[in-house]
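The sequence shown begins at 1 in full-length UniProt numbering and counts up by one.
We treat Cβ as the ideally placed atom computed from N, Cα and C, and that holds for glycine.
The block underneath contains the structure these notes are about, expressed in structure tokens.
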Amino acid sequence: MAFLTADVAQRRYEGLRTVLRENSLDAVVISGPEFFFFFTNYVLDVRTWERPIALVIPADGRPFALMHELSTHGVGMAIDSGRIWIDDVRFYAEHPRLTARVPQRPQFAHALRDMLAEHGLSRATLGFDTPPADLAVLQHIAPSLELRSAADQLIPLRWVKSDEELTLVRRAAEIADFGQECYRRNLAAGRFIQELDDHVVAEISAEACLRIPGEDLFVRIHSERGPESAAPHGGPRTGNRIQPGDGIVNILVAQLNGVTVENERTWFVGTPTQQQEHCYQTILEAQEAAIEQMVAGTPMCDVDAAAAAVATREGLGEHYLHRAGHGMGIAGHEWPEDIAFSTRALLAGEVYSAEPGLYVRGVGGFRHDDTVIVGDTAPEVVTHSSKDIGEQTVTA
């Protein structure tokens with residue numbers, strides 16, 4: 001199994017049409033790249049802020065889309081291969097044409113209005129996922145349309161993953177685990193940290209070409225070293241060399257066929273100090289406590305509370321700056337993003353990161369991140385890279 005199949009499409013469209021009926025909506029207009037992928041299985045090849053798109057999914061009837069001309073051949077090839085779930089697509093141009101004329105970028109809203117009318121939606125009540133400026137133009141030129149935000153109703157459709165998605169999660173996790181092993185082999189004092197990250201990405205890509213040819217893998221690694229790793233997302237890194245005594249936090253994100261996992265680890269170059277070891281073992285215990293809570297029926301906020309309790313007990317509560325996790329799926333960061341506050345019960349089949357973090361100014365950052373599938377009776381941790389402090393320490 002590679003790309004998601006029509007069975008997943010049917011499940012998603014059935015869920016969407018339930019949302020449309022319950023909210024008295026005739027259709028939804030999708031303009032954001034993530035929901036576009038969710039409902040089409042096609043990764044957009046344009047930035048929607050400058051080259052907008054519109055996917056219209058009626059409560060009754062087939063979906064249709066208005067897209068930028070740069071996507072013409074990509075969509076055509078995806079239709080030929082059966083990878084995309086829609087086939088009624090029209091394109092607009094971003095420059096004047098002398099022949100074979102189509103609507104141009106300034107006419108986007110007018111072209112969308114005309115397509116809605118052709119599909120019997122000229123007086124429809126439309127929900128939308130995100131409100132681009134072109135929808136305001138559409139409302140102005142088609143006052144018989146009613147537009148409402150449907151984002152809050154659409155988001156829950158992405159919480160629980162299908163069996164096919166969970167299979168991709170596990171496969172992506174295997175690749176991420178391979179990446180951490182590559183990192184272990186290549187980590188050394190004196191190496192440029194930016195070059196290390198890029199080198200490991202290249203090794204992962206080469207391995208993926210052998211394991212999963214023809215599939216769509218994106219990998220990103222970002223590492224921070226030494227005291228600078230106390231800033232979770234770092235600063236300027238070019239020319240920054242790994243030094244003996246450094247603690248290092250690496251972020252490894254792998255997206256396979258539109259499904260994303262995270263696998264992050266803390267490393268040491270040379271024997272860690274007593275303070276480093278205390279922080280390391282504390283955040284490891286905090287992460288394990290958070291993972292234990294990732295069972296269906298548990299209030300979501302209990303996940304973060306369990307991790308925070310460990311940090312506080314060990315006298316490190318003031319350094320506990322990173323929540324215990326977030327939802328995952330198409331994007332690395334997805335809903336729910338309010339894991340530390342929400343009392344909603346976790347659902348079996350949801351996917352979360354488990355990544356509480358400690359950040360101590362002048363010392364560094366300490367974080368492990370595993371991707372976890374919420375289970376009925378127990379969590380399923382799909383990333384399996386070592387977290388043993390001995391194995392995470394390389395010779396200086």
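Next item on the list: Starting from the C-beta of residue 393, find all residues in its chain whose C-beta is less than 6 Å away, skip the five residues before and the five after it, and write them out in chain order.
Entry: By the criterion of a C-beta distance shorter than 6 Å, residue 393 is surrounded in its chain by 268, once the five residues flanking it on both sides are discounted.
Next item on the list: For residue 149, name the three-state secondary structure that DSSP assigns.
Entry: strand
Next item on the list: Find the nearest neighbour of residue 40 within the set 116, 62 and 299, judged by alpha-carbon distance.
Entry: 62
Item checked: Whole-Å CB distance - residue 138 paired with residue 93, under 8 Å assumed -> In fact, because the Cβ distance is near 19 Å, the residues do not count as touching under 8 Å.
Check: Thinking C-alpha only, which one of 81, 44, 48 and 123 is nearest residue 71?
Finding: Each of 81, 44, 48 and 123 was checked against the Cα of residue 71, and the nearest Cα belongs to 44.
Next item on the list: With residue 67 as the anchor, note down where its beta strand (DSSP E) starts and where it stops.
Entry: 64-68
Next item on the list: Assign residue 403 to buried or exposed, taking buried as 16 or more other Cβ atoms, counted over all protein chains shown, within 10 Å of its Cβ.
Entry: This structure cannot speak to residue 403, because the chain is shown only from 1 to 396.
Check: Do the CB positions of residue 253 and residue 382 come within less than 8 Å of each other?
Finding: no
Next item on the list: Flag this pair as yes or no: are the beta carbons of residue 371 and residue 173 separated by less than 8 Å?
Entry: yes
Checklist line | Sufficient close CB pairs (3 or more, under 8 Å) joining the segment 227-238 to the segment 209-217 | finding: Taking a cut-off of 8 Å for Cβ pairs, the segment 227-238 and the segment 209-217 do not touch, as fewer than three such pairs fall below it.
Checklist line | Per-residue DSSP class, three states only, for residue 364 | finding: DSSP places residue 364 in strand when its eight states are reduced to three.
Next item on the list: Could you pull out every residue in the same chain whose Cβ sits closer than 6 Å to the Cβ of residue 333, ignoring the five residues on either side in sequence?
Entry: 326
Note to self: Could you give the first and the last residue of the continuous alpha helix (DSSP H) run that contains residue 33?
What the structure shows: 33-40
Next item on the list: Look at the alpha carbon of residue 55 and the alpha carbon of residue 285, and state the distance between them as a whole number of angstroms.
Entry: 45 Å
Item checked: Neighbourhood of residue 324 by C-beta, 8 Å cutoff - its chain only, sequence neighbours within 5 removed -> These residues qualify, in order along the chain: 286, 287, 290, 303, 304, 306, 307, 308, 339, 340, 354, 355 and 356.
Check: Does the count of Cβ pairs from the segment 112-124 and the segment 5-21 closer than 8 Å reach three?
Finding: no
Next item on the list: Please classify residue 274: is it buried, with 16 or more other beta-carbons within 10 angstroms of its beta-carbon, or exposed?
Entry: Classification of residue 274: exposed, given that the 10 Å Cβ count is below 16.
Note to self: Assess contact between the segment 139-149 and the segment 162-172, defined as three or more Cβ pairs (one per stretch) separated by less than 8 Å. Is contact present?
What the structure shows: no
Check: So is residue 10 buried or exposed if we call it buried at 16+ other beta carbons inside 10 Å?
Finding: exposed
Check: How big is the Cα-Cα spacing for residue 387 and residue 295?
Finding: One C-alpha to the other measures close to 22 Å.
Checklist line | Nearest-angstrom Cα separation, counted from residue 312 out to residue 369 | finding: 20 Å
Notebook entry, point to check: Cα-Cα, which of 194, 251 and 111 is closest to residue 135?
Noted result: Considering only alpha carbons, the answer is 111.
Notebook entry, point to check: For residue 242, which option in 348, 98, 196 and 74 has the closest C-alpha, if you only look at C-alpha atoms?
Noted result: 196
Margin query: Suppose the cutoff is 6 Å on Cβ atoms and the five residues either side in sequence are ignored; what does the same chain contact list for residue 344 look like?
Written below: 300
Check: Taking the alpha-carbon positions, what's the residue 66 to residue 53 distance?
Finding: Distance between the alpha carbons of residue 66 and residue 53 is about 6 Å.
Notebook entry, point to check: To the nearest whole angstrom, what separates the beta carbons of residue 193 and residue 240, a pair I think is in contact under 8 Å?
Noted result: 5 Å
Check: Expressed to the nearest angstrom, what Euclidean distance is found between the alpha-carbon atoms of residue 276 and residue 363?
Finding: 8 Å
Item checked: Residue of 38, 358, 350 and 47 minimising C-alpha distance to residue 69 -> 47
Note to self: Along the chain, where does the beta strand (DSSP E) containing residue 247 start, and where does it finish?
What the structure shows: 247-256
Next item on the list: Rank 250, 205 and 204 by C-alpha distance to the C-alpha of residue 226 and give the top, closest one.
Entry: 250
Item checked: Separation of residue 208 from residue 100, as counted between CA atoms -> 41 Å
Notebook entry, point to check: Taking the C-alpha atoms as reference points, what is the distance between residue 141 and residue 106?
Noted result: When rounded, the distance between both Cα atoms is 13 Å.
Note to self: Please report the straight-line C-alpha distance between residue 3 and residue 259, rounded to a whole angstrom.
What the structure shows: Going from the Cα of residue 3 to the Cα of residue 259 covers about 10 Å.
Margin query: For residue 380, which residues in the same chain have their Cβ closer than 6 Å to its Cβ, ignoring the five residues on either side in sequence?
Written below: 373
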